[in-house]
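Chains as they are written, first to last, in the working numbering: chain F, 1 to 228; chain Z, 229 to 456.
Protein chains: 2
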Amino acid sequence: MLDKSHKASLRERNLLTKTSFLKDLTGPSLARVLDAATVFSFPARTTIFQEGEPALAFYSVLAGYVRIYRVSRDGRQADIRICGPGDIFAECLIYGGDAYRFSAQAAENVSLARFDMQDIRQAANDDIAVARSVITALSQHLLSTMDCVVNDRLHTAPQRVADYLINRCPIETGQASIRLPFQKNLLAGMLGLAPEALSRAFSTLRRAGVTVRGRVIQISDIDALRRF
Amino acid sequence: MLDKSHKASLRERNLLTKTSFLKDLTGPSLARVLDAATVFSFPARTTIFQEGEPALAFYSVLAGYVRIYRVSRDGRQADIRICGPGDIFAECLIYGGDAYRFSAQAAENVSLARFDMQDIRQAANDDIAVARSVITALSQHLLSTMDCVVNDRLHTAPQRVADYLINRCPIETGQASIRLPFQKNLLAGMLGLAPEALSRAFSTLRRAGVTVRGRVIQISDIDALRRF
DNA sequence: AAGCCGATTTGATCGATGTCAAATCGTGAA
DNA sequence: TTCACGATTTGACATCGATCAAATCGGCTT
Numbered sequence: 001m002l003d004k005s006h007k008a009s010l011r012e013r014n015l016l017t018k019t020s021f022l023k024d025l026t027g028p029s030l031a032r033v034l035d036a037a038t039v040f041s042f043p044a045r046t047t048i049f050q051e052g053e054p055a056l057a058f059y060s061v062l063a064g065y066v067r068i069y070r071v072s073r074d075g076r077q078a079d080i081r082i083c084g085p086g087d088i089f090a091e092c093l094i095y096g097g098d099a100y101r102f103s104a105q106a107a108e109n110v111s112l113a114r115f116d117m118q119d120i121r122q123a124a125n126d127d128i129a130v131a132r133s134v135i136t137a138l139s140q141h142l143l144s145t146m147d148c149v150v151n152d153r154l155h156t157a158p159q160r161v162a163d164y165l166i167n168r169c170p171i172e173t174g175q176a177s178i179r180l181p182f183q184k185n186l187l188a189g190m191l192g193l194a195p196e197a198l199s200r201a202f203s204t205l206r207r208a209g210v211t212v213r214g215r216v217i218q219i220s221d222i223d224a225l226r227r228f
Numbered sequence: 229m230l231d232k233s234h235k236a237s238l239r240e241r242n243l244l245t246k247t248s249f250l251k252d253l254t255g256p257s258l259a260r261v262l263d264a265a266t267v268f269s270f271p272a273r274t275t276i277f278q279e280g281e282p283a284l285a286f287y288s289v290l291a292g293y294v295r296i297y298r299v300s301r302d303g304r305q306a307d308i309r310i311c312g313p314g315d316i317f318a319e320c321l322i323y324g325g326d327a328y329r330f331s332a333q334a335a336e337n338v339s340l341a342r343f344d345m346q347d348i349r350q351a352a353n354d355d356i357a358v359a360r361s362v363i364t365a366l367s368q369h370l371l372s373t374m375d376c377v378v379n380d381r382l383h384t385a386p387q388r389v390a391d392y393l394i395n396r397c398p399i400e401t402g403q404a405s406i407r408l409p410f411q412k413n414l415l416a417g418m419l420g421l422a423p424e425a426l427s428r429a430f431s432t433l434r435r436a437g438v439t440v441r442g443r444v445i446q447i448s449d450i451d452a453l454r455r456f
């Protein structure tokens, strides 16, 4: 199931260091965490872990995208989160439980840093700076998950899409062009929509000046989109 | 805006100590956190804090229920969470940001322990046991919020209600009687439903042996409910 | 025990989104 | 450049849940 793995290279250590999880760590605290990382590559569609398996490790995404999802009794899947470069996942199980509570799958070819739960638990116990990094990561993740709940409950599909686009715009006003970092398929799951619903949402947004061609989205007026 | 406040009494300290946030703390670590608590009472419907206000404190519920929600641009409200005795809220802002990201309102007369963010941040910095308690609390909260996202996306209203009932059943099988701890109004918000939708969900569940009279719910066969 | 008022249920309707099938588009390979 | 196949869009429909209004219920006061 696993591809070849290796200790993090210098380049990979640099990537990890810039991550929001590790960016506040320095010196020996940082070194200890980096030394605990093992890097794995998975081809697209690989299952990284499944709900119910013993939760032995959590991961940080170096490259590619990972889908975190759960399967219902009748076999339908719902995405909980899409993790891209810099995101960590399953970190809520460091002190949170023995088994994974959801499944993770490579949405494309991905490269991941794997952290053994025990190692990081120990590191957090020994080193307050590591514990603080864990707290910060959990806090941010929790806040964004709460945002997700509210968004689902408060906004329609076109509004959620508009929201996503606005948040990805590098600028505040005027016109912009965005290239989606992944397939629309993934975006749909991330917004809690069927792919068809995402497509329809885009076509609803045409009247707000949104043009779609493949992965490239043109926005003629960001403020108009905001008002939608 | 504030009712009278006071340092936690012995009874209140006991309540707090049994909380999942503090249950693993002992000795001076525990004492330090308990000493930081101030107890407040708020009458029903009081706003405890609002989105955007400086996040100076987080809270632990001693008695009653608190609604955590956000208001959309057009004035609709969506609940993010309902906190009852033993729950803490806004703890994600200990290291997470300067302003509240949502509002909190007393759903009934409530009694809360208030913790100054700074105090607890300092305590977590000084004392690894406190940091670990914060990590555990954040982890559990995050896991339950992720469950909430998936539930919303995967299950219909009657399924979510059935789920709620099953989780509140003290036993595993057979028949049971449950008394809702709060108004149906709150339950609806908690499940992401309009009150009317909750009512209809209950009536759909009649065919699965669920009988409703006021706050009392009779379940004739828990397994049947589970299969729903 | 009667009465009151807010909470809940019910009815009618509408809009939003999921589902399935068919048409079309886009991108990577040859 | 062309082809082929998977990704995306579109159409037709069914369903779910929100909303508004009206009827009813239930817990509390008197």
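Yeah, the Cβ is synthetic: ideal placement off N, Cα and C, and Gly gets one too.
Proximity to residue i [Cα-Cα], best of the options
i: F/Asp223; options: F/Tyr164, F/Thr47, F/Gly64 and F/Gly174; result: F/Gly174
i: Z/Leu393; options: Z/Phe343, Z/Lys412, Z/Leu382 and Z/Gln350; result: Z/Lys412
i: Z/Ala327; options: Z/Arg435, Z/Pro282, Z/Lys232 and Z/Gln333; result: Z/Pro282
i: F/Ala63; options: F/Gln77, F/Asn167, F/Phe42 and F/Phe49; result: F/Phe42
i: F/Leu56; options: F/Ser203, F/Arg114, F/Arg70 and F/Arg45; result: F/Arg114
i: F/Val110; options: F/Leu16, F/Cys169, F/Val61 and F/Leu15; result: F/Val61
i: F/Gly209; options: F/Ser203, F/Ile219, F/Arg215 and F/Phe202; result: F/Ile219
i: F/Lys18; options: F/Ser203, F/Phe182 and F/Ile88; result: F/Ile88
i: Z/Val267; options: Z/Thr274, Z/Pro256, Z/Asp252 and Z/Leu244; result: Z/Leu244
i: Z/Asn395; options: Z/Leu453, Z/Asp355 and Z/Pro256; result: Z/Leu453
i: Z/Ser248; options: F/Gly96, F/Thr26, F/Pro28 and F/Leu25; result: F/Gly96
i: Z/Leu238; options: Z/Asp263, Z/Asp252, Z/Arg329 and Z/Leu253; result: Z/Asp263
i: Z/Gly442; options: Z/Ser405, Z/Arg388 and Z/Glu240; result: Z/Ser405
i: Z/Ala456; options: Z/Tyr287, Z/Asp344 and Z/Phe430; result: Correcting the residue identity first, residue 456 of chain Z is Phe in this sequence and not Ala. Nearest C-alpha to Z/Phe456: Z/Phe430.
Cα-Cα separation, residue i to residue j
i: F/Met1; j: F/Gly189; result: Residue confidence is low: F/Met1 scores 43 on pLDDT, short of 50, so the model does not pin down where it sits. Its coordinate-derived value is still stated next. Spanning the two alpha carbons is a distance of roughly 25 Å.
i: F/Glu51; j: Z/Lys235; result: 44 Å
i: F/Leu187; j: F/Arg200; result: 13 Å
i: F/Ala37; j: F/Thr136; result: 19 Å
i: F/Val130; j: F/Leu22; result: 8 Å
i: Z/Asn379; j: Z/Ala425; result: 16 Å
i: F/Gly86; j: Z/Ile348; result: 28 Å
i: F/Gln118; j: Z/Arg407; result: 41 Å
i: Z/Arg360; j: Z/Ala352; result: 8 Å
i: Z/Gln368; j: Z/Ser300; result: 27 Å
i: Z/Ala272; j: Z/Lys232; result: 15 Å
i: Z/Ile356; j: Z/Pro409; result: 35 Å
i: F/Arg207; j: Z/Arg298; result: 28 Å
i: Z/Phe330; j: Z/Gly255; result: 34 Å
i: F/Asp116; j: Z/Asp449; result: 43 Å
i: F/Asp24; j: Z/Pro423; result: 45 Å
i: F/Cys169; j: F/Ile217; result: 11 Å
i: Z/Thr384; j: Z/Ser372; result: 18 Å
i: F/Asp126; j: F/Arg160; result: 42 Å
Assigned exposure category for residue i - 16 Cβ within 10 Å defines buried
i: Z/Pro386; result: buried
i: Z/Gly303; result: exposed
i: Z/Thr439; result: exposed
i: Z/Val362; result: buried
i: F/Ile171; result: exposed
i: F/Ser29; result: buried
i: F/Val33; result: buried
Contact check, residue i vs residue j, beta carbons under 9 Å
i: F/Leu138; j: F/Glu91; result: yes
i: Z/Ile322; j: Z/Cys311; result: no
i: Z/Leu433; j: Z/Ala390; result: yes
i: F/Ile48; j: Z/Met374; result: no
i: Z/Val294; j: Z/Leu340; result: yes
i: Z/Thr274; j: Z/Gln333; result: yes
i: F/Leu191; j: Z/Leu370; result: no
i: F/Ala31; j: Z/Arg381; result: no
Residue i CB to nearest heavy atom of the ligand MN below 8 Å
i: Z/Gly324; result: The ligand MN is not part of this structure, which contains no ligands at all.
ask   = Residues in the segment 306-334 of chain Z with C-beta within 9 Å of chain F's C-beta atoms, listed in sequence order?
value = Taking 9 Å as the Cβ-Cβ cut-off against chain F, the residues of the segment 306-334 of chain Z that qualify are Ala306, Asp307, Ile308, Arg309, Glu319, Cys320, Leu321, Ile322, Tyr323, Gly324, Gly325, Arg329 and Phe330.
query = At a Cβ cut of 8 Å, what residues of the segment 358-373 of chain Z count as close to chain F, listed as they run along the chain?
reply = Ala359, Arg360, Val362, Ile363, Thr364, Leu366, Ser367, Gln368, His369, Leu370, Leu371 and Thr373
query = Residues in the segment 58-73 of chain F with C-beta within 7 Å of chain Z's C-beta atoms, listed in sequence order?
reply = Listed in sequence order: Arg70 and Ser72.
ask   = When Cβ atoms are compared, which residues of the segment 182-211 of chain F fall closer than 8 Å to chain Z?
value = Gly192
Chain-ordered residues of the segment 25-51 of chain F with a beta carbon less than 7 Å from chain Z = none
request  = Check distances from the C-beta atoms of the segment 151-181 of chain F to those of chain Z and list, in chain order, the residues that come in under 8 Å.
outcome  = Asp152, Arg153, Leu154 and His155
request  = Below 9 Å between beta carbons is the criterion; list the residues of the segment 107-132 of chain F that meet it against any residue of chain Z, in chain order.
outcome  = Ala124, Asn125, Asp126, Asp127, Ile128, Ala131 and Arg132
task = Check each residue of the segment 11-25 of chain F: if its Cβ is closer than 7 Å to any Cβ of chain Z, include it; give the result in chain order.
result = none
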